[in-house]
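> Here the sequence shown is numbered in my numbering, starting from 1 and rising by one per residue. Cβ coordinates follow ideal geometry from the N, Cα and C atoms, glycine included.
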Amino acid sequence: MQNASASTPIKPEPEARDFEAVFTPKNIAVIGATETLGAVGRTVVENLQKIKFPGGVFPVNPKRPSILGLKAYPKIADVPETCDLAVIITPATTVAKVVRECGAAGVEACIIISAGFKETSAAGLELEKQVVQAARDCGVRFIGPNCLGVVNLHSNLNASFAPSWPPAGKISVISQSGALCVGILDWAASLKLGLSKVVSFGNKADLNEVDFLKAFQTDPDTNVVAAYLESITEGDAFMDIAEEIAKVKPVVVLKVGVTAAGARAASSHTGSLAGADMAYWAAFKRSGVIRAENFEALFDYSLALATQPIPQGERVAILTNAGGPGIMAADAAETLGLRMTPPAPESQAKMRSFLPASAAVGNPIDVIGDAEPDRYINSLQVLQEDPNVDAIVVVVTPQNMTKPLELAQRLNATHNKRKPLLCAFMGGQEVIPAREYLMSVGIPSYPSPDRAVAALKAMCDYAAWRRRPPRMVTRFSVNRRRVDRVLQWQSRAGNTQIGEVEAKEILRAYDFKVLDGHLATTADEAVAAAERIGYPVVLKISSPDIIHKSDFGGVRINLANAEQVRDAFELMMLRIQRRAPNAYIRGGFIEKMGTRGREVILGMTRDPQFGPMLMFGLGGIFVEVMKDVTFYLAPITQDEAMQMLKGTRSYALLKGARGQAPVDLEAIASSLQRISQLATDYPQIAELDINPMIVGEIGSEPYVADARMTLANNSR
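1) Could you give the residue range of the beta strand (DSSP E) that holds Leu-421?
2) So, is Leu-175 buried or exposed, given that buried needs 16 or more other C-beta atoms within 10 angstroms?
3) Can you tell me which of the three DSSP states Thr-259 falls into?
4) Between Ala-721 and the rest of its own chain, which residues show a CB-CB distance below 8 Å, the 5 nearest in sequence each way excluded?
5) Please confirm if Asn-400 has its CB atom under 9 Å from at least one CB of chain B.
6) Where Thr-637 and Gln-684 are concerned, what is the direct C-alpha to C-alpha distance, given to the nearest angstrom?
7) With a threshold of 8 Å on Cβ separation, who are the neighbours of Lys-646 within its own chain once the five nearest residues in sequence on each side are excluded?
8) Let me know if Phe-476 comes out buried or exposed under the rule of 16 or more other beta-carbons within 10 Å of its beta-carbon.
9) Counting Cβ pairs, one atom from each stretch, are 3 or more of them under 8 Å apart for the segment 111 to 119 and the segment 80 to 98?
10) Roughly how many angstroms lie between the CA atoms of Ala-679 and Met-604, to the nearest whole one?
11) In the DSSP assignment, the beta strand (DSSP E) including Cys-110 goes from what residue to what residue?
12) Can you check DSSP and say which residues form a bridge with Gln-497?
13) Would the beta-carbon of Asp-607 fall within 9 Å of that of Ala-279?
14) May I ask you to list the residues that DSSP assigns as paired with Pro-86?
15) Which same chain residues end up closer than 6 Å to Tyr-632 when comparing Cβ atoms and leaving out the 5 residues on each side of it in sequence?
16) How is Phe-512 classed by DSSP in three states: helix, strand or coil?
17) Quickly, what does DSSP pair Ser-670 with across the bridge? List them, please.
18) Going by DSSP, what residue range makes up the alpha helix (DSSP H) through Met-239?
19) Could you name each continuous alpha helix (DSSP H) segment of 4 residues or more that falls completely within the segment 578 to 666, going from the start of the chain to the end?
20) Which of helix, strand or coil does DSSP assign to Ser-177?
21) Report the rounded CA-to-CA distance for Arg-649 versus Gly-139, giving the unit in angstroms.
22) May I ask you to verify whether the segment 371 to 381 touches the segment 323 to 342, counting CB pairs closer than 8 Å and requiring at least 3?
23) Which term fits Thr-320, buried or exposed, when burial requires 16 or more other beta carbons within 10 angstroms of its beta carbon?
24) Would you mind working out which of Gly-594, Ala-509, Glu-570 and Gly-494 sits nearest Pro-536, comparing C-alpha positions?
25) Considering only the alpha carbon of each residue, which of Ala-329, Pro-80 and Asp-221 lies closest to Gly-194?
26) Using the Cα positions of Ile-675 and Val-393, report the straight-line distance between them to the nearest angstrom.
27) Report the rounded CA-to-CA distance for Phe-238 versus Met-401, giving the unit in angstroms.
28) Along the chain, where does the alpha helix (DSSP H) containing Met-693 start, and where does it finish?
29) When you compare only the Cα positions, how much space is there between Arg-136 and Val-173?
30) Could you tell me the distance, in whole angstroms, from the CA atom of Asp-516 to the CA atom of Pro-635?
31) Once you ignore the five residues that flank Gly-553 on each side, which residues in its own chain have a CB closer than 6 Å to its CB?
32) Would Lys-50 and Trp-165 qualify as a contact pair, given that the criterion is a beta-carbon distance under 9 Å?
33) May I have the straight-line CA-CA distance separating Thr-93 from Gln-609, to the nearest angstrom?
34) Enumerate in chain order the residues of its own chain whose CB-to-CB distance from Leu-125 is below 6 Å, with the five nearest sequence positions on each side excluded.
35) Along the chain, where does the alpha helix (DSSP H) containing Arg-100 start, and where does it finish?
36) Just the Cα atoms here: how many angstroms apart are Gln-312 and Asp-390?
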């Protein structure tokens, strides 16, 4: 565990009883309870009293005989009942001692609200390590320190200092930020949004996001997990449990605090383009996590997923009483990739039978501004049975005939729960009762059409992930002995940069096509190599100190005879010595000139949390200027490799655009899978670039024009 000292035992797996003590304790000790107005120790006791916690509440304070009418005890050992949960609100310097006392008194779990630990200083970090050690020694699990606490709306537990109490629902929240939890609870209470459990774990020195995802996986009161995360402590474990829980219930994450991955300066294109944010996107995509772009989206998505059936497809029908908002919804749907399919002809005929002549029955379905609830309800009934419709978004503006609350009540009565129904009741005072009613019965209502449509898109993406075929990673037959020889030689030499010659040797062992080439140290050797290979040839500088050859004039192409090769070699060596006088020059690499084709870049960089991350993009300005690349975590399947290609904005160029022939997409996908296998086979390879790989028409074999790799420093 990251905060434990070297002597601290490995963090154990939490048991079911640990979470029972956290979420459904029988008795609670509040250590540091007080009657001082505004103090956290008073607020926690007040909160437990206010919501009528059904178990025993035992304040612990050595200076007072009672707290808020409850008998107080000098220390936890004096409490007459066994407390399975203790809330600790004492100075940071005392917490480790208090945790040991809790363990001796039979406490199973602690919520450490106290601050002053690693979030403050190196001395605070040392105090936190002592708390971890104390908890391990006495077998106590804990949340925090530096946290808000825990709320369970289903068991009348408010072991926190948050004042708000929303209705019970099916969305559980985990958050590193206690202040955000306060805002979430208050916001949910004002909107009548139902929550299940809310956990603020602060510094997460013990129980963290992985532990609570496991707990919520089988929790009958949780349909959706919404998480606010600033960091993920155990990348592999997070992906494993997130993927498991996403198979049965959605996980929506707002990830903030993104910085560059690692402390090193990446030297490859792949490394420079792959920040930590890309790693999180790739990890979430792999594991089925839905990423929210902001706070609103976190709960917009969670609300829809917690209350509505999963859509069977991406065909959405917009039902509206106003043209402008209907267009807003349609624009949002098409922009996000949803399908605005018209209702079936028989459905359109049915709607024409009861809608006015001026109504539109395509998509959006516009029931016109003077519509009373009947028009909406009759249209909804038709759309629910329409085979061309997978989901319905109802947009309402409060016009004189609208009757928002009646409409909301009838929408709920009519909804058959087979297709998701999302609403956008637009306006203020006129629609507030309707919105509150819809929230109370589990029909999401948003203030604008675009937010409703964005929530539906999140539902569709999650449904598509659930429908994905089982992951089958292909293993290719490769020559690992050849790779071992190259890497062992590099390791003995103390090299971390693998240049083109050796990088291509490794790629050849993984069945990449590499053109015939030889390293030359003199002009005569260069000419002899060119004569053996056959003209035309390419000459490239070979130096571990020169990463980007073209920047130093280190590439000459289309050399057609011996004289051109000799002149190019001598001139290149002279210029390189002037431009990079301290660079170690191995010589010039003479290679057969390849055929023309489309330039693509394939790469890999190793993220410190999530491991090898693959990159794909078109070469040239597409990667240099537009940064048009996609990332995916290794190992990848054939389908995931194709998704990497389709994820670029320039995918249309690969498929064939403006009369150009399509390139061999299957060949590129196969190459990505081979890089994936290489990255998983050899963890000492930290970065890899094939830049460019030249791909041609369908049936042609792509070849590696240039390549380089970087080894991790610990591989020496």
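According to the structure data:
1) One-based indexing of the sequence shown puts residue 421 at position 421. Element bounds for Leu-421: 421 to 425.
2) Within the sequence shown, the letter at position 175 stands for residue 175. It should be pointed out that residue 175 corresponds to Ser in this sequence rather than to Leu. By the C-beta density criterion, Ser-175 is buried, having at least 16 other C-beta atoms within 10 angstroms.
3) For the purposes of this step, residue 259 is identified with residue 259 of the sequence shown, where counting begins at 1. Because Thr-259 carries a pLDDT of 49, less than 50, the predicted location of this residue cannot be relied on, and the following value inherits that uncertainty. Reduced to three states, the DSSP call for Thr-259 is coil.
4) Outside the shown range of the chain (1 to 716) lies residue 721, about which nothing can therefore be said.
5) The chain inventory of the structure shown lacks chain B, comprising one protein chain alone.
6) Along the sequence shown, read from residue 1 onward, the residue named residue 637 stands at position 637. Along the sequence shown, read from residue 1 onward, the residue named residue 684 stands at position 684. Cα to Cα, Thr-637 sits roughly 22 Å from Gln-684.
7) To locate residue 646, count along the sequence shown from 1; it is residue 646. Taken in chain order, the list of residues that qualify is empty.
8) Indexing the sequence shown from 1 puts residue 476 at position 476. Phe-476 comes out exposed.
9) yes
10) Within the sequence shown, residue 679 is the residue found at index 679, counting from 1. Within the sequence shown, residue 604 is the residue found at index 604, counting from 1. Cα atoms of Ala-679 and Met-604: separation of roughly 7 Å, rounded to the nearest angstrom.
11) Position 110 of the sequence shown holds residue 110. Looking at the DSSP string, the run of the beta strand (DSSP E) that includes Cys-110 is 109 to 112.
12) Walking along the sequence shown from the start, residue 497 turns up at place 497. Answer is Thr-710, bridged to Gln-497.
13) The residue given as residue 607 occupies position 607 in the sequence shown. The residue given as residue 279 occupies position 279 in the sequence shown. Yes.
14) Taking the first residue of the sequence shown as 1, we reach residue 86 at position 86. For the sequence presented, residue 86 should be read as Ala rather than Pro. Note: Ala-86 sits in a beta bridge opposite Ala-29 and Cys-110.
15) Stepping through the sequence shown from its first residue, residue 632 is reached at position 632. Ala-282, Leu-614, Glu-640 and Met-644, listed in sequence order.
16) Here residue 512 refers to the residue found at position 512 of the sequence shown. DSSP places Phe-512 in coil when its eight states are reduced to three.
17) For the purposes of this step, residue 670 is identified with residue 670 of the sequence shown, where counting begins at 1. In the DSSP output, where bridge partners are listed per residue, Ser-670 has none listed.
18) Residue 239 sits at position 239 when you count from the first residue of the sequence shown. Its alpha helix (DSSP H) spans residues 235 to 246.
19) 621 to 624, 638 to 646 and 651 to 655
20) For the purposes of this step, residue 177 is taken as residue 177 along the sequence shown, with counting starting at 1. Three-state DSSP puts Ser-177 in coil, outside helix and strand.
21) In the sequence shown, the residue the question calls residue 649 occupies position 649. In the sequence shown, the residue the question calls residue 139 occupies position 139. Answer to the nearest angstrom: the Cα atoms are 53 Å apart.
22) Under the Cβ criterion (8 Å, minimum of three pairs), the segment 371 to 381 does not count as touching the segment 323 to 342.
23) Within the sequence shown, residue 320 is the residue found at index 320, counting from 1. Buried, because 16 or more other Cβ atoms sit within 10 Å of the Cβ of Thr-320.
24) To locate residue 536, count along the sequence shown from 1; it is residue 536. When only C-alpha atoms are compared, the closest one is Gly-594.
25) Along the sequence shown, one-based indexing puts residue 194 at 194. Here the closest residue by C-alpha is Asp-221.
26) As a working note, residue 675 is residue 675 in the sequence shown. As a working note, residue 393 is residue 393 in the sequence shown. So the alpha carbons of these two residues sit roughly 43 Å apart.
27) For this step, residue 238 is matched to residue 238 along the sequence shown. For this step, residue 401 is matched to residue 401 along the sequence shown. C-alpha separation (whole angstroms): 51 Å.
28) Here residue 693 is taken as the residue at index 693 of the sequence shown, counted from 1. For Met-693, there is no enclosing alpha helix (DSSP H); the residue is part of the beta strand (DSSP E) that begins and ends at 685 to 695.
29) Against the sequence shown, residue 136 aligns to sequence position 136. Against the sequence shown, residue 173 aligns to sequence position 173. A straight line joining the alpha-carbon of Arg-136 with that of Val-173 spans about 26 Å.
30) The residue labelled residue 516 in the question sits at position 516 within the sequence shown. The residue labelled residue 635 in the question sits at position 635 within the sequence shown. Approximately 30 Å between the Cα atoms of the pair.
31) Counting from 1 along the sequence shown, the entry for residue 553 is found at position 553. For Gly-553, where only same-chain residues beyond five positions count, the Cβ hits under 6 Å are Arg-575.
32) For the purposes of this step, residue 50 is taken as residue 50 along the sequence shown, with counting starting at 1. For the purposes of this step, residue 165 is taken as residue 165 along the sequence shown, with counting starting at 1. Against a cut-off of 9 Å, the Cβ pair of Trp-165 and Lys-50 comes out as a contact.
33) Working through the sequence shown from its first residue, we reach residue 93 at position 93. Working through the sequence shown from its first residue, we reach residue 609 at position 609. Cα-Cα distance, rounded: 32 Å.
34) Looking up residue 125 in the sequence shown gives position 125. For Leu-125, same chain residues with a beta-carbon under 6 Å away, outside a window of 5 residues either side, are Lys-118 in chain order.
35) Locating residue 100 in the sequence shown gives position 100, counting from the first residue. Its alpha helix (DSSP H) spans residues 92 to 104.
36) The count along the sequence shown starts at 1 and reaches residue 312 at position 312. The count along the sequence shown starts at 1 and reaches residue 390 at position 390. In a straight line, the C-alpha of Gln-312 is about 6 Å away from that of Asp-390.
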